[in-house]
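As they're listed, the protein sequences go chains A and B.
Counting from 1, position 74 in the first sequence corresponds to residue 74 in this note's numbering; the numbering is continuous, with no gaps.
Counting from 1, position 6 in the second sequence corresponds to residue 1006 in this note's numbering; the numbering is continuous, with no gaps.
Down below is the structure, laid out as structure tokens.
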Amino acid sequence: MNFYTLFLQSLPRLLEGLVITLQLTILSLLFAIIIGMISCFFKISRFRPLNWIATIYLSVIRGTPLMVQAYFLYFGITSAMGIKIDSFWASVIVLTLNAGAYLSEIFRSGISAVNKGQMEAARSLGLPYHVAMAKVIIPQAIRIVIPSVVNQFIITLKDTSILSVIGVGELMRQGTLIVSRTFKGFEVYAMVAIAYFIVVMILTKISQIIERRLSSGKSKG
Amino acid sequence: MVKVKAEGLQKSFGDLEVLKHINMEVHEGEVVCLIGPSGSGKSTFLRCLNFLEEPTAGTIIVDDYNLTDKKADINKIRENIGMVFQQFNLFPHLSVIDNIMLAPVDRKKMTKEEARKKGMELLKSVGLEEKANAFPAQLSGGQQQRVAIARALAMQPDVMLFDEPTSALDPEMVGEVLNVMKKLAEDGMTMIVVTHEMGFAREVADRVIFMDGGYIVEEGTPEEVFGNPQNKRTQDFLNMVL
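Written out as structure tokens, the structure reads:
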């Protein structure tokens, strides 16, 4: 079998895998943004028990490898509770919890990067804390964190490959299946790598465009 | 009528006692300038007056509202106390007019049209009507500070606090800001101004308060404090700055 035939035969499966990879990434990241915001507000809240919840969540996620989390959820929790989760949704849960923890810290650093005088000025006008946050601090923090959020997008995209271990049919898993059938590891994994690379490059480009937009927006205000 | 009253005010940051025992009264329409060396506690004192710093002990009454009362609605009281900061603190993501309209629309429940009309009048009074749609970063320091004054005035406060409003400005821009403040004083605004501008204090203040080491050391009319200071520390300070 020459490379061209192999390429044509593998392509549909790899594209199918790529679509699943992108679905996993986008879904997880959307949920992670919500989880990350909640966790960030827990973390900066003045109500202590909320701080603790966020701190425990962040340290557990950051202190354990993604693959262990995936196994623990997919094989551990499911068998202990006698339930069955679809590997796709198990992957979304693991990736969401993971990216959510990192986004939480990104959001927190964005908020603390906004000058302290902004909050004081807003409060001195009589705005309550939550209004000052919503109308003054967060709009400025969003600008600051966008590059880091795009970066987390890229990391999550690449992390999806780890979820091949629980059998979700994403790009890496499709590659592995083709290799076990054809024994063409070099060619197939090269294709897999190039596929990831192209998507990451596209995302990087998009993030550069956003950053440029934001910095030109900054000179305007 | 007494507008602002501080009684037995104390403020500590950890072990550091910044304000030791401050008593002060400011009457309606009065302009009071707080002067003194850096570290004397004058900015902290000013920030206590709208509770940006929470006093460790003592009472603050503004407009008959007791800020130090645990049940006080601080946000409501702050609407009545405008504040202008050394670093302007305009909101960089909002245009000049949106900076001014934000609080009136959110708090006073004004319609946008009303707030815009009021905002444009205020901008006119500080001479920056044509900058309404500019963003803060496009303005000079002096212009930013004038916008900040207009923003504070938009809430129609009874008292205005100024925390070294000209200290971050290039020298050629100090005048334009002081002129706006002078006009405000002439219009009868009650003002408390922390400043290093002795010329302004001498010309505009009804009363000058000299602070040092967390105490009010001396107070009186500008003529008294600048012309014939009684306390040794006041004399030393004035000798250095004048």
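Idealized CB from N, CA, C, for every residue including glycine.
Cα-Cα separation between residue i and residue j, rounded to whole angstroms
i                  : j                  : result
Ile155 of chain A  : Phe42 of chain A   : 24 Å
Leu1046 of chain B : Ala1137 of chain B : 27 Å
Leu176 of chain A  : Thr204 of chain A  : The amino acid occupying residue 176 of chain A in the given sequence is Thr; Leu does not appear at that position. Their Cα atoms are separated by approximately 27 Å.
Val145 of chain A  : Lys1182 of chain B : 42 Å
Leu18 of chain A   : Asp159 of chain A  : 13 Å
Val149 of chain A  : Ile106 of chain A  : 7 Å
Ile206 of chain A  : Lys1020 of chain B : 57 Å
Leu24 of chain A   : Phe88 of chain A   : 8 Å
Glu1007 of chain B : Asn1066 of chain B : 11 Å
Ser287 of chain A  : Glu1053 of chain B : Not covered by the structure: residue 287 of chain A. The range shown for chain A is 1 to 221.
Thr64 of chain A   : Ala101 of chain A  : 12 Å
Glu1113 of chain B : Val1126 of chain B : 20 Å
Thr21 of chain A   : Asn115 of chain A  : 39 Å
Proximity test, Cβ basis, 8 Å: residue i and chain B
i                 : result
Leu11 of chain A  : no
Glu211 of chain A : no
Leu30 of chain A  : no
Ala113 of chain A : no
Leu127 of chain A : yes
Arg123 of chain A : yes
Gln208 of chain A : no
Val131 of chain A : yes
Val145 of chain A : no
Lys135 of chain A : yes
Residue-chain proximity (residue i, chain A), Cβ-Cβ < 8 Å
i                  : result
Met1155 of chain B : yes
Leu1052 of chain B : yes
Phe1045 of chain B : no
Asp1212 of chain B : no
Asn1066 of chain B : no
Leu1144 of chain B : Checking the sequence, you will find Gln at residue 1144 of chain B rather than Leu. Closer than 8 Å: no.
Phe1013 of chain B : no
Three-state class that DSSP yields for residue i in the structure shown
i                  : result
Ala1168 of chain B : coil
Phe1059 of chain B : A small fix is needed here, since residue 1059 of chain B is Thr in this sequence, not Phe. Strand at Thr1059 of chain B.
Met133 of chain A  : helix
Lys205 of chain A  : helix
Val1002 of chain B : strand
Phe1162 of chain B : strand
Ile26 of chain A   : helix
Lys1118 of chain B : helix
Asp1212 of chain B : strand
Arg1207 of chain B : strand
From the options, residue whose alpha carbon lies closest to that of residue i
i                  : options                         : result
Ala70 of chain A   : A:Val165, A:Met191, A:Glu211    : A:Val165
Leu1187 of chain B : B:Val1096, B:Val1204, B:Phe1200 : Reading off the sequence shown, one finds Asp at residue 1187 of chain B, where the question assumed Leu. The option with the nearest alpha carbon to Asp1187 of chain B is B:Val1204.
Arg181 of chain A  : A:Ser10, A:Tyr4, A:Asn2         : A:Ser10
C-beta atoms of residue i and residue j nearer than 8 Å
i                  : j                  : result
Met1189 of chain B : Met1155 of chain B : no
Ser1095 of chain B : Ala1134 of chain B : yes
Gln1010 of chain B : Phe1088 of chain B : no
beta-carbon residue i near the ligand MG non-hydrogen atom, thresh 7 Å
i               : result
Leu8 of chain A : Because no ligand of any kind appears in the structure shown, any question about the ligand MG cannot be addressed here.
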